[in-house]
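Listed in order, the protein sequences are those of chains A and B. So for the first sequence, this note's numbering puts the first residue at 120; every next one is plus one. So for the second sequence, this note's numbering puts the first residue at 120; every next one is plus one.
Number of protein chains: 2
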Amino acid sequence: MRTVEEHRAALVALVSALPPVTVALSESLGRVLAADVVAAVDLPGFDNSAMDGYAVRSADVAGASAAAPVLLDVDGDIAAGDTREHTLRPGATMRIMTGAPMPVGADAIVPVEEGDGGVERVALTLAAEAGRHLRRRGEDVRAGDVVLRAGVRVTPGRLALVAASNVAAVEVVARPRVHVLSTGDELVTVGHPLAHGQIVDSNGSMLAALVRASGGDLVGVGHLDDDADAWASLLADVPGEPDLLLTTGGVSMGAYDTVKEVLSGTGTVDFVKVAMRPGMPQGAGVVGPRRTPIITLPGNPVSSFVSFHVFVLPVLRALAGLDPEVALIRGVAAQGWSSVSGKVEFTRVVLDGDGVRPSGGQGSHMLGALAEATHLAVVDARTTEIRPGDPVHLLPLVGQD
Amino acid sequence: MRTVEEHRAALVALVSALPPVTVALSESLGRVLAADVVAAVDLPGFDNSAMDGYAVRSADVAGASAAAPVLLDVDGDIAAGDTREHTLRPGATMRIMTGAPMPVGADAIVPVEEGDGGVERVALTLAAEAGRHLRRRGEDVRAGDVVLRAGVRVTPGRLALVAASNVAAVEVVARPRVHVLSTGDELVTVGHPLAHGQIVDSNGSMLAALVRASGGDLVGVGHLDDDADAWASLLADVPGEPDLLLTTGGVSMGAYDTVKEVLSGTGTVDFVKVAMRPGMPQGAGVVGPRRTPIITLPGNPVSSFVSFHVFVLPVLRALAGLDPEVALIRGVAAQGWSSVSGKVEFTRVVLDGDGVRPSGGQGSHMLGALAEATHLAVVDARTTEIRPGDPVHLLPLVGQD
Chain A
120 MRTVEEHRAA
130 LVALVSALPP
140 VTVALSESLG
150 RVLAADVVAA
160 VDLPGFDNSA
170 MDGYAVRSAD
180 VAGASAAAPV
190 LLDVDGDIAA
200 GDTREHTLRP
210 GATMRIMTGA
220 PMPVGADAIV
230 PVEEGDGGVE
240 RVALTLAAEA
250 GRHLRRRGED
260 VRAGDVVLRA
270 GVRVTPGRLA
280 LVAASNVAAV
290 EVVARPRVHV
300 LSTGDELVTV
310 GHPLAHGQIV
320 DSNGSMLAAL
330 VRASGGDLVG
340 VGHLDDDADA
350 WASLLADVPG
360 EPDLLLTTGG
370 VSMGAYDTVK
380 EVLSGTGTVD
390 FVKVAMRPGM
400 PQGAGVVGPR
410 RTPIITLPGN
420 PVSSFVSFHV
430 FVLPVLRALA
440 GLDPEVALIR
450 GVAAQGWSSV
460 SGKVEFTRVV
470 LDGDGVRPSG
480 GQGSHMLGAL
490 AEATHLAVVD
500 ARTTEIRPGD
510 PVHLLPLVGQ
520 D
Chain B
120 MRTVEEHRAA
130 LVALVSALPP
140 VTVALSESLG
150 RVLAADVVAA
160 VDLPGFDNSA
170 MDGYAVRSAD
180 VAGASAAAPV
190 LLDVDGDIAA
200 GDTREHTLRP
210 GATMRIMTGA
220 PMPVGADAIV
230 PVEEGDGGVE
240 RVALTLAAEA
250 GRHLRRRGED
260 VRAGDVVLRA
270 GVRVTPGRLA
280 LVAASNVAAV
290 EVVARPRVHV
300 LSTGDELVTV
310 GHPLAHGQIV
320 DSNGSMLAAL
330 VRASGGDLVG
340 VGHLDDDADA
350 WASLLADVPG
360 EPDLLLTTGG
370 VSMGAYDTVK
380 EVLSGTGTVD
390 FVKVAMRPGM
400 PQGAGVVGPR
410 RTPIITLPGN
420 PVSSFVSFHV
430 FVLPVLRALA
440 GLDPEVALIR
450 GVAAQGWSSV
460 SGKVEFTRVV
470 LDGDGVRPSG
480 GQGSHMLGAL
490 AEATHLAVVD
500 ARTTEIRPGD
510 PVHLLPLVGQ
520 D
């Protein structure tokens, strides 16, 4: 039986990072940078005022106070966006707005609150020292600096930095293209009547949502009957040329596990047991003329959901150029529960202000509990009992608030 | 001076939840439910096997063990998806696959590993008690049960539950439609050359990303010069009929703060100081014939970013039918920093395995530090010093990994 880590490593080894594409900055949110971003301009681009106030030579206001204001001529205004190069003459001041360029010769700002508001002549009450309330050209970023490194995801804050650096387009890793296939003769499309023995194909909808929430592009969401001919034609030409084919169902120990039967015959897909619960039966390899990577997930919805987080997400991350491993976070059990021995158990849990607790029934067919879970608690193979107060390692679920 | 809470409450009071729309389940990911979802079917829909194995009458295998196997006739196979109603005769068994319907009369499953694999006659070595390895009809969900309540966001796990409940479409709250307007004559579109005194309009790109990452629909991202006529025509007919108009710039104490000048004149927009840093100058109200809610954010990129999280996100959440308040999470300072007295300080910080630390320079023009932040630390008005080991309240940033 494989360990979780061994199987994950085998899956990640099936893929490598996708090629880069250039996108407009406005389309880059959530994408992974394929190349460093280099600032095209200094930030700030010029010495400017951090306040609305008066630009001064600090020597001219030395000793100014509320008791002894300094009177200066006001030689004019500098608004934000003023593109003229002003020069401040000694003994004078200019009104200046936040973000407006400093006039040559000025070396400090007296905030507007420290003056009497005069527009021709102003009484200033603050002895602003040199550099006061100034933002210096390039103090945040220098033109030519690497502002973001390849391999990071574009967040709103990073996007703001790239924009301010006057970079209008970035190289990002292509989105992983995924085809999702549910298998099993018992499956019926959601919203259609069910005969005795039939169930709704919820795995297709669920995996499609998980792929989207993980930053993947869906090229297809379909269903395949347990039929060798249907499989043969699929494998001859995987529709949509995906970077990854995800299947659910047909991989356990039953006599009708067509996926396992058909794909075992290709010689390029391995079926293994992984020491985990839920999700023990797993398969992976490559199929078809393009040697498309395939991961075959179990058909139980909960097993499939857990397997996605444990195995598919790392593969999607590797395709997207990210570290495959998702960092676990720490929590503290608010309530105890028991766990299986000899296998890693992925308990569906809720993490809130009180701590961590199982989200409800843990059967691999229990979707009510799955719907309320926020994390998977990763309970190692040697631990059979979690007690209240115990530390717990948590894998965040994809697509939560 | 208003408190942060007072200003947030005033903003949230400007809006109410948007009307519901019906969407296909596949389009519901990330949306907020506007109505309860009621299961159309039982889950499971019929008693079924939790294992690949043999369906038995428990009385027939009482006393079975490896030393004393019980021999039973195998009357056939039941695959998942078999829609026939089988009946198990006493003294016999049927091979059954995971998820396949139980034959009438059977009350337990002996896993395939506990048999010799016989297909006509099988030796079973487990005395399975009644109910063993069975999933009972409706044990997870009953048809007619409310499976999800109005007001929750659709996650992949919840979507799986709705699908399995055979509900193909759901009522969700309409997405908030937002128009973003950067103001200021100094602004230049990203990618264009900058003259002395000009800066890139990074706020427009940043706010567009923040709106998207918060589940809003952008109806426009534009720029308005500091010009009263441009404002007059905008206010006469706010383009795109947004649910919220967001502006940046022109709201501080300067002589050229056109936004403040023009909107103060409408009598429906208030400009206030809020006891916070950064982001003190704020404005909000309604404008135009449709009384469109407007929030005017400061022009400093960092102030604008912080103000989005503190004020705009709650408004977007209220429009989307969610609790406006985002729950703060707890962290522990890994490094100390000082904070302003008398104002709530929103320190841009990184939370990682070591704890919480400021992400770099905290000036309101410092975008380098903003880009690396993962959270805002909310430091109350009385606290002026955070020491290593102190507990810290954290607001997660929108659109992080």
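Quick reminder that beta carbons are idealized off the backbone N, C-alpha and C, glycines included.
N-terminal and C-terminal residue of the alpha helix (DSSP H) that residue i is part of
i                : result
Gly418 (chain B) : Run containing Gly418 (chain B): none; DSSP gives neither H nor E here.
Arg294 (chain B) : Segment: none, Arg294 (chain B) is in no alpha helix (DSSP H) and carries neither H nor E.
His126 (chain B) : Val123 to Val131
Gly276 (chain B) : Pro275 to Ala283
Arg331 (chain A) : Ser321 to Ala332
Pro477 (chain A) : No alpha helix (DSSP H) contains Pro477 (chain A), which is instead part of the beta strand (DSSP E) from Gly474 to Pro477.
Asp192 (chain A) : Segment Val189 to Ile197 is the beta strand (DSSP E) holding Asp192 (chain A); no alpha helix (DSSP H) there.
Selection from the options that minimises the alpha carbon distance to residue i
i                : options                                   : result
Arg203 (chain A) : B:Gln481, B:Gly418 and B:Gln317           : B:Gln317
Val523 (chain B) : B:Asp194, B:Thr274 and B:Glu258           : Nothing can be reported for residue 523 (chain B): it is not among the residues displayed for chain B, which extend from 120 to 520.
Arg409 (chain B) : B:Pro361, B:Ala227 and B:Ile448           : B:Pro361
Val260 (chain A) : A:Pro163, A:Val175 and A:Arg476           : A:Pro163
His512 (chain B) : B:Thr411, B:Arg436, B:Val451 and B:Arg296 : B:Val451
Ser106 (chain A) : A:Ser184, A:Ala219 and A:Thr141           : As displayed, chain A neither begins before 120 nor continues past 520, which places residue 106 (chain A) out of reach and without an answer.
Arg251 (chain A) : A:Ala178, A:Trp350, A:Thr493 and A:Val391 : A:Ala178
Ser321 (chain A) : B:Phe390, B:Pro507, B:Ser145 and B:Gly480 : B:Ser145
Asp235 (chain A) : A:His428, A:Leu245 and A:Leu416           : A:Leu245
Met223 (chain A) : A:Val265, A:Ala183, A:Ile197 and A:Thr493 : Residue identity check: residue 223 (chain A) is Val in the sequence provided, not Met. Comparing Cα-Cα distances from Val223 (chain A) to each of A:Val265, A:Ala183, A:Ile197 and A:Thr493, the minimum goes to A:Ile197.
Gly276 (chain B) : A:Asp304, A:Ile505 and A:Leu489           : A:Leu489
Leu191 (chain A) : A:Ile413, A:Arg208 and A:Ala199           : A:Arg208
Interface partners of residue i on chain B, CB under 7 angstroms
i                : result
Glu204 (chain A) : His315
Phe430 (chain A) : Chain B residues near Phe430 (chain A): none, gap ~15 angstroms exceeds 7 angstroms.
Gln519 (chain A) : Thr274
First through last residue of the beta strand (DSSP E) which encompasses residue i
i                : result
Pro400 (chain A) : Pro400 to Val406
Gly386 (chain B) : Looking at the DSSP string, Gly386 (chain B) is not in any beta strand (DSSP E), and its letter there is neither H nor E.
Arg467 (chain B) : Val463 to Asp471
Val175 (chain A) : Gly172 to Val175
Ala496 (chain B) : His494 to Val498
Gly303 (chain B) : No beta strand (DSSP E) contains Gly303 (chain B), which DSSP labels as neither H nor E.
Gly341 (chain B) : Asp336 to Leu343
Ala227 (chain B) : Ala227 to Pro230
Leu243 (chain A) : Arg240 to Leu243
Leu438 (chain A) : No beta strand (DSSP E) holds Leu438 (chain A); the alpha helix (DSSP H) holding it covers Leu432 to Leu438.
Residues that residue i contacts on chain A, provided the C-beta gap is smaller than 8 angstroms
i                : result
Thr302 (chain B) : Residues of chain A passing the Cβ test: none, with the nearest at roughly 10 angstroms.
Thr217 (chain B) : Ser371, Gly373, Gly418 and Asn419
Beta-carbon neighbours of residue i, restricted to chain A and to distances below 7 angstroms
i                : result
Leu162 (chain B) : Leu486
Gly310 (chain B) : Asn285 and Ala287
Pro220 (chain B) : His315 and Gly316
Arg331 (chain B) : Leu148
CA-to-CA distance, residue j to residue i, given in whole angstroms
i                : j                : result
Arg255 (chain B) : Gln454 (chain B) : 54 angstroms
Gly334 (chain A) : Thr274 (chain B) : 14 angstroms
Gly440 (chain A) : Val123 (chain A) : 22 angstroms
His205 (chain B) : Val381 (chain A) : 28 angstroms
Arg214 (chain B) : Lys462 (chain A) : 27 angstroms
Thr385 (chain A) : Lys379 (chain A) : 10 angstroms
Gly398 (chain A) : Val406 (chain B) : 56 angstroms
Ala186 (chain B) : Arg127 (chain A) : 39 angstroms
Val445 (chain A) : Phe424 (chain A) : 16 angstroms
Met325 (chain B) : Leu148 (chain B) : 24 angstroms
Val421 (chain A) : Leu495 (chain A) : 11 angstroms
Val229 (chain B) : Val175 (chain B) : 7 angstroms
Gly210 (chain B) : Leu516 (chain A) : 47 angstroms
Bridge partners - residue i, DSSP secondary structure assignment
i                : result
Ser457 (chain A) : A:Glu504
His512 (chain B) : B:Arg449
Val142 (chain A) : A:Val289
Met213 (chain B) : B:Ala174
Leu152 (chain B) : B:Val291
Thr366 (chain B) : B:Leu300 and B:Thr415
Leu253 (chain A) : A:Ser168
Gly359 (chain B) : Beta-bridge pairing links Gly359 (chain B) to no other residue.
Amino acids of chain B, ordered along the chain, whose beta-carbon sits closer than 8 angstroms to that of residue i
i                : result
Leu516 (chain A) : Thr274, Pro275 and Gly276
Leu489 (chain A) : Gly276, Ala279 and Leu280
Within chain B, partners of residue i - CB distance below 9 angstroms
i                : result
Phe424 (chain A) : Pro275, Gly276 and Ala279
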